[in-house]
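Chains as they are written, first to last, in my numbering: chain A, 22 to 358; chain B, 22 to 358. Structure record follows, encoded as C-alpha cells.
There are 2 protein chains.
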Amino acid sequence: MKTYNLCLLGFGNVGKALLRLLVEKRATLRDRYGFDWQITGVASRRLGWIAAPDGLDPETLLRGELPAPMADTGADPVRAWLDRARADVLFENSSLNAQTGQPAIHHLRTALELGAHAITANKGPIVHAYHDLRDLALQHGKRFMFESTVMDGAPIFSLFRDALPAASIVRFRGILNSTTNYILTRMEAGLDFDAAVREAQAIGIAETDPSADVDGWDATVKVTALATVLMDSPLDPAQVERSGIRGLTGEAVQEALAQGFRYKLVCTAERDEAGSIRARVGMEKVSLTDPLASVMGTSSLVHFETDVLPGLTLTEHNPGPKTTAYGLLADLINALR
Amino acid sequence: MKTYNLCLLGFGNVGKALLRLLVEKRATLRDRYGFDWQITGVASRRLGWIAAPDGLDPETLLRGELPAPMADTGADPVRAWLDRARADVLFENSSLNAQTGQPAIHHLRTALELGAHAITANKGPIVHAYHDLRDLALQHGKRFMFESTVMDGAPIFSLFRDALPAASIVRFRGILNSTTNYILTRMEAGLDFDAAVREAQAIGIAETDPSADVDGWDATVKVTALATVLMDSPLDPAQVERSGIRGLTGEAVQEALAQGFRYKLVCTAERDEAGSIRARVGMEKVSLTDPLASVMGTSSLVHFETDVLPGLTLTEHNPGPKTTAYGLLADLINALR
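Structural data, given as C-alpha cells:
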C-alpha cells in the first residue's frame with residue numbers, strides 16, 4: 022500500500038481539524054481507497070517551515086509539540102520545504118489575500134511544479150489564477166483541487182465535475198456568506214445591526230473589521246470563484262455588481278417580516294445572450310416561500326438552473342472547521358483515486 | 022474515437038427523451054468525453070426486439086418509423102437481442118415490478134454477462150438485487166448504474182459515490198414521491214383528496230389506480246433503494262414502516278396550515294445502535310420553517326446527516342422526462358470515462 026507524504030501549510034483551526042479527520046478516517050482510507058498517509062511537513066507564519074521526511078506523529082502535532090523549523094530555507098522557502106518534506110500533496114490553507122491571491126498562488130504553483138497534488142481552501146487562487154493552475158496541474162499529471170473554497174465541505178465543484186457531467190449552467194443564485202446571513206437572522210430576532218455584528222464577532226464568525234463580510238466582498242469572491250470554475254468563464258471580482266447589508270435597520274427587517282419577506286444577501290450569476298457572465302451580490306427582500314428564505318444562521322445554499330435539470334438546490338447546514346476539513350479530505354481522496 | 026453501441030429496452034417517454042438528449046449532447050460527448058455512440062437495439066413489449074448492428078437513425082426512430090423486430094429470438098430473447106445488437110451499453114427502462122424486480126433484473130444480468138454496461142431507471146432491481154448486480158458488474162469489469170431510480174436525474178447516488186467519499190450517513194429524511202406531494206399541494210389550494218387525485222391523473226402523474234403512490238408503496242421502494250445503496254445495508258421493503266396519505270381531509274390540511282404546519286409524506290431512514298437500518302414512510306405535519314415544507318408540487322428533497330457534514334440537503338425542482346433521461350446520460354458518461 023502506498024503511503025503519501027502530506028504537507029500542511031497553515032495549521033490553525035482548519036489545519037488541525039483536517040489532521041484529526043485524517044486520523045479518524047485512516048482505516049477507511051486504507052480499506053476503501055487503498056492508501057495510507059504521513060505528515061512530513063507543517064508550516065505557518067508562526068511556526069516557520071517544519072519538515073520531517075520520515076513523518077511526524079499526529080498526536081504530538083495536535084498537542085502543539087512541534088519540532089524546530091528549518092534553519093535555512095533560502096530564497097524560496099516553500100520550495101525548499103516541500104522538497105525537504107518530499108511532498109506528495111500540499112494542503113494550502115494560508116490566509117486569504119483577495120486582491121492578489123498571493124502568496125497562496127505561489128505555494129500551489131510550486132507544489133505542482135515539484136510533482137505534488139495541490140489542494141486549497143483559499144479562494145484567492147481560484148479568482149486570480151484558476152486557469153493557470155488547472156493547466157499547470159494537467160501538464161504535470163497532478164490535481165489542483167479546491168472543494169472547500171465555497172460552502173465549506175459541501176460538494177459544489179465535485180458535483181459538476183463528477184456527478185453532473187455534460188450539464189451546462191444557465192444561472193445560479195445563492196446565499197454564500199454565512200456571517201451576513203447570521204447577522205440578518207439575529208436582526209430578525211430583534212437585534213439592531215451593530216449588536217448583531219458584535220454578537221457575530223463574539224462567537225468568532227465575524228472579523229474585528231467586519232467589512233469583508235458586511236460589504237459583500239467575501240460573497241463577491243465566492244460568486245466569482247463559482248462562475249469561473251462552473252461556467253468556465255473567467256470573471257474578475259471587479260466585474261461583479263456589489264452591495265452589502267450595511268445601513269439596514271432593525272425596523273426595515275421587522276417591517277419586511279410582517280409583509281412575508283426577509284432580507285438576504287443574494288449572489289447571482291447568469292450567462293447573457295452574448296455568452297458572457299453577469300454576476301451580482303446584493304441585498305434582496307425574498308418571499309418567505311422562496312427556498313432562499315429557509316436558510317438561517319450560518320447555513321448556506323446555492324440553486325442551479327441547467328440545460329438538463331430545471332432546478333437543483335444544495336443546502337449546507339451548520340458548518341464548522343470539520344466541514345471545511347472534510348472538503349479537503351474529499352479532495353485528497355479524489356486526487357489519489 | 023470509440024463509438025459505443027447503445028441498446029434501449031423500453032421506448033416510452035423516458036427512452037425517447039434519452040434519445041433526444043443523446044442527439045443534443047453528441048458534440049459535447051465527442052469533444053469533452055471523447056466518445057461517440059449509435060443505437061443498435063430498441064425493444065419494448067409493443068415493438069418487439071429490434072436489432073441493427075450497423076446503427077439506427079435517431080431521427081427516424083423518433084418519428085416512430087421502426088424496422089421489423091427479430092423474427093426468432095429463441096428461449097432468451099434479451100440475450101439474443103443484445104448479442105445481435107453487439108451491445109456495449111443497455112439502458113433498461115422496462116416497467117417496475119416492485120414485488121420481484123423482474124424481468125428487469127434478468128435484463129441487467131444478461132447485459133453484464135455479455136460484457137455490456139447496465140444502466141437503469143427501474144427501482145425494482147436495486148431493491149431486489151443490488152448487491153448481486155453490483156458484484157456481477159465488478160466481476161465483468163463493467164458498471165451497473167441507476168442514478169435515475171430516485172429523484173429522477175438529481176445526482177443522489179453519484180454524490181456519495183464520487184463527491185462525498187468516506188462520508189458515512191447517520192440518517193436521512195426526504196420527500197421522494199412527487200405524486201403525493203402534488204396532491205397535498207393541491208389540497209392546500211382547496212381541493213379535497215379525490216379531486217386532487219383526479220387532477221394528478223389528468224396531468225399524467227398519477228396512475229388510474231393511484232394506490233402505489235397514495236398508500237406509500239413508491240416512497241417505500243425509494244427509501245429502500247437509498248438505504249440499500251447509500252448505507253450499504255440490505256433492506257427489504259417489508260421492513261419499512263409504511264403508511265400513506267389516504268383518508269386525509271381538506272379540513273385537516275387547512276387546519277394544519279392555519280397553525281403553521283403542512284402535511285407531507287416523509288421518508289426517513291436511520292442507523293440504530295446495533296448498526297441496522299430503521300426506515301419509515303408516513304404522513305407528518307411539518308412546520309412551515311422545516312426545509313421539507315418548502316417542497317411543493319412535483320419537486321422532491323432529501324436531507325442527509327453524515328459523520329462529516331452535519332447537514333446537506335438536495336432539492337430537485339419540477340422534474341420531467343428530460344430530467345430522468347439526464348440521469349441515464351450521466352450514468353453513461355460516468356460508466357465510460
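Backbone N, C-alpha and C define an ideal beta-carbon position, used for all residues, glycine too. These numbers were taken from a predicted model, which means no experiment stands behind them.
If you check the CB distance, Val-316/B and Thr-334/B do not come in under 8 Å.
Going by DSSP, Val-250/B is part of the alpha helix (DSSP H) stretching over 238 to 251. One Cα belongs to Arg-105/A, the other to Asn-26/A, and the distance between them is close to 11 Å. Judged by DSSP secondary structure, Lys-46/A falls outside any alpha helix (DSSP H); it is assigned neither H nor E. Counting only residues of its own chain and dropping the five nearest sequence neighbours on each side, Arg-130/B has a CB closer than 7 Å to the CB of Leu-154 and Leu-157. For the options Val-44/A, Leu-103/A and Ile-354/A, the alpha carbon positioned closest to that of Asp-78/A is the one of Val-44/A. Judged by DSSP secondary structure, Gln-160/A falls within the alpha helix (DSSP H) whose first and last residues are 144 to 161. Neighbours of Tyr-347/A in chain B, taken as residues whose beta carbon is under 8 Å from its own, are Ala-188, Val-329 and Leu-330 in chain order. A straight-line Cα-Cα distance of about 10 Å links Arg-219/A and Gly-225/A.
Counting only Cβ-Cβ distances below 8 Å, Arg-47/A has no contacts in chain B at all, with the closest Cβ about 11 Å away. Short of 7 Å from the beta carbon of Asp-173/A, and not among the five residues preceding or following it, lie these beta carbons of its own chain, in chain order: Glu-337, Pro-340, Thr-344, Thr-345 and Gly-348.
As summarised for the stretch 267 to 303 of chain A, the continuous beta strand (DSSP E) elements at least 3 residues long and confined to that stretch are 282 to 292, given in chain order. Checking the DSSP bridge columns, you'll see Arg-192/B partnered with Glu-291/B and Glu-326/B. When rounded, the separation of the alpha-carbon atoms in Met-252/B and Ile-190/B is 6 Å. Taking C-alpha positions only, Tyr-284/A is separated from Ala-277/A by approximately 7 Å.
Only residues of its own chain outside the window of five on either side were considered, and among them Asn-143, Lys-144 and Gly-145 have a CB closer than 7 Å to the CB of Leu-117/A, listed in chain order.
Contact annotation: Ile-60/A and Leu-82/A have beta-carbon atoms nearer than 8 Å. With a threshold of 16 other beta carbon atoms within 10 Å, Glu-168/A meets it and is buried. Remark: fewer than three beta-carbon pairs, one from each stretch, lie closer than 8 Å, so the stretch 121 to 129 of chain B and the stretch 296 to 312 of chain B are not flagged as touching. For Gly-341/B, DSSP records no beta bridge to any residue.
Closer than 8 Å to the CB of Gly-174/A there is at least one CB belonging to chain B. The way I'd put it, the stretch 237 to 256 of chain A does touch the stretch 287 to 303 of chain A; three or more beta-carbon pairs between them come closer than 8 Å. Using a Cβ distance threshold of 8 Å, Phe-112/B and Ser-65/B do not count as a contacting pair. The Cβ neighbour count for Ser-320/A, taken over all protein chains shown within 10 Å, is at least 16; the residue is labelled buried. DSSP, reduced to helix, strand and coil, places Gln-59/B within a strand of the structure shown. The shortest C-alpha to C-alpha distance from Ala-259/A to any of Gly-268/A, Val-35/A, Ala-119/A and Leu-68/A is the one to Ala-119/A. Scanning chain A for C-beta atoms nearer than 8 Å to the C-beta of Ile-354/B yields Pro-186 and Ala-187, reported in chain order.
The contact set of Arg-53/B on chain A, defined by CB atoms closer than 9 Å, consists of Pro-186 and Ala-187 in chain order. Proximity to Ala-216/A across Val-148/A, Gly-271/A, Gly-55/A and Glu-294/A peaks at Gly-271/A, based on C-alpha coordinates.
Secondary structure within the stretch 70 to 116 of chain A: the beta strand (DSSP E) runs of 3 or more consecutive residues, fully enclosed, are 110 to 113 (chain order). Around the C-beta of Pro-74/A, fewer than 16 other C-beta atoms lie within 10 Å, and the residue is accordingly described as exposed. A Cβ of chain B is located within less than 8 Å of the beta carbon of Pro-312/A. At least 8 Å separates the CB of Thr-170/A from every CB of chain B.
Taking 8 Å as the cut-off, the Cβ atoms of Gly-122/B and Val-99/B do not count as close.
Per DSSP, the continuous beta strand (DSSP E) segment holding Thr-24/A begins and ends at 23 to 30.
Rounded to whole angstroms, the gap between the alpha carbons of Leu-357/B and Ala-233/B is 35 Å.
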